Structure formats: structure tokens, C-alpha cells
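Right, one structure below, let's go through it.
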Amino acid sequence: MAVTGWLENLRAAEKTALLQDGRRKVHYLFPDGKEMAEEYDEKTSELLVRKWRVKSALGALGQWQLEVGEPAPPGTGSLGPELIKESSASPIFMRKDTKTSFQWRIRNLPYPKDVYSVCVTQKERCIIVRTTNKKYQLPLDDSLLSFAHANCTLIISYQKPKEVMVAESEIQKELKKVKTAHSNDGDCKTQ
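Under the working numbering, the first residue of the sequence shown is numbered 17, with each subsequent residue one higher.
In C-alpha cells:
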């Protein structure tokens with residue numbers, strides 16, 4: 017099963033942990049050279065950020081690719097050589113998981129909830145978000161799906177399977193075994 021493989025990969029990785037600003041930050045270095053960084057809320061153990069980085073064919077470190085969490089706020093990075101940036105009013109798609117569900121958020125959607133239709137296609141196993149002029153697809157079971165709209169954000173929740181919740185509980189047990197440095201401790205050694 018995929019969940020078991022994921023747990024084994026996490027157990028095999030070298031892990032470094034740091035407690036900083038109310039977040040438990042964990043860095044994983046996998047045997048194949050991939051890196052993963054996660055940030056958990058210190059009190060609730062909720063996953064706030066997960067990002068990945070892989071080396072290029074020549075061995076240079078690549079850019080971090082965000083999988084879960086908020087993208088960096090605009091203005092924190094450079095504009096680059098094009099000196100062009102996307103409109104701040106464009107929809108922003110992100111994933112944010114809760115303890116019991118996977119959650120996708122599409123920000124900057126100003127219309128009320130009844131403008132949107134969210135469903136699961138059984139054939140393709142995808143979540144479909146429809147508006148009068150756009151369609152977004154996410155890979156899945158209609159009965160586990162719910163959605164809400166608040167503050168110009170469409171929030172789509174999909175209840176996590178029991179296997180995933182058990183695996184996440186196992187991951188938290190593993191992370192408690194990792195010696196955690198605090199932000200004022202200095203260097204953080206990989207275990």
C-alpha cells in the first residue's frame with residue numbers, strides 16, 4: 017500500500033528538527049538525494065507547510081516546490097528579469113490539510129457560493145470545481161466532499177481516509193523520537 021511505503025521512506029530519511037516561532041520544522045534528506053521540509057504547529061501538530069527540493073542533473077540544488085501551505089507573500093521574492101508579476105486579483109490555488117481532511121483553497125474568488133459547483137467524477141476520480149466560465153480539476157468520492165465560501169475564498173474539503181490518518185499518527189510518533197533543537201541552540205545536527 018502507498019501509505020506503508022510513505023512511512024518507510026520517512027523512517028529511512030535523515031531527519032533534522034528545529035522548534036522556532038511556535039512551529040516544529042523538520043527537514044528530511046532521503047537516500048535518493050531528495051529533500052523535504054515540513055512545518056507543524058507546535059501545539060496542534062497540524063501540518064502547515066510541506067515543500068520539496070531535488071538536485072538537478074548536474075547536482076545543483078533546485079528551487080523549493082510548495083506542496084502544502086501558503087505561498088510566500090508577494091514582494092518577498094525578486095521580480096526576475098522580466099519585471100512582470102501576476103495580478104494580485106488573480107485566483108490563487110493552494111492546499112492546506114487539517115487533522116481530518118485534505119483541503120484545497122482557491123483565493124480571490126469574489127462571487128457567492130451558489131456561483132460555484134463542486135463535485136466528484138467517478139470515472140476520472142477527480143474533484144471538479146465549476147464556475148460560469150472556468151473549470152478546475154482535482155483527483156476522487158462525492159460523499160467525502162464538502163465546500164464553503166468565505167472572504168473571497170472557496171474552501172474545498174475532502175475527508176481523509178482512515179489509513180492516512182493512522183499513517184499521520186505514526187509520523188507524529190516518529191517525529192517525537194527526533195531530537196529537536198530550539199532556535200536559540202545554534203547549529204542543528206542531522207540524525
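No residue lacks a Cβ here, since even glycine has one placed at the ideal position from N, Cα and C.
If you're wondering where the values come from, they're calculated on a predicted model, not measured in any experiment.
Give me, in chain order, the residues of the same chain whose beta-carbon lies closer than 6 Å to that of Trp22; leave out the 5 immediate sequence neighbours on both sides.
None.
Could you give the distance in angstroms between the alpha-carbon of Lys50 and the alpha-carbon of Asp130?
Their Cα atoms are separated by approximately 42 Å.
Taking DSSP as the reference, what is the three-state secondary structure of Thr147?
Here Thr147 sits in coil by DSSP.
Please go through the same chain and pick out, in chain order, the residues whose beta-carbon is closer than 8 Å to the beta-carbon of Val194, but skip the five residues on each side of it.
For Val194, where only same-chain residues beyond five positions count, the Cβ hits under 8 Å are Lys31, Thr32, Ala33, Val42, Gln207.
Practice item. Determine which residues share a DSSP beta bridge with Asp57 and list them. Key: Looking at the DSSP assignment, Asp57 forms a beta bridge with Arg39.
Q | Alpha-carbon to alpha-carbon, Ala28 and Val19 | A | Using only the alpha carbons, I get a separation of about 14 Å.
Under 8 Å, with one C-beta from each stretch per pair, do the segment 170-182 and the segment 113-131 reach the 3-pair mark? Yes, since at least three Cβ pairs between the segment 170-182 and the segment 113-131 fall closer than 8 Å, the two stretches touch.
For the beta strand (DSSP E) containing Gln188, name the first residue and the last one.
It is not in any beta strand (DSSP E) - Gln188 instead sits in the alpha helix (DSSP H) that spans 178-193.
(Q) Please return the same chain residues whose Cβ sits closer than 6 Å to the Cβ of Ser133, not counting the five positions on each side in sequence. (A) Cβ within range, chain order: Arg146.
Quick one: measure Cβ to Cβ for Pro87 and Met110, integer angstroms, because I've assumed they're closer than 8 Å. At roughly 6 Å, the Cβ-Cβ gap stays under 8 Å, so Pro87 and Met110 are in contact.
Query raised in the report: Taking the alpha-carbon positions, what's the Arg69 to Leu77 distance?
Result: Computed Cα separation, rounded: 7 Å.
message: Taking the alpha carbon of Asp48 as the reference point, which residue from Tyr56, Ser72, Gln138 has its own alpha carbon closest?
response: Among Tyr56, Ser72, Gln138, the Cα nearest to that of Asp48 is on Ser72.
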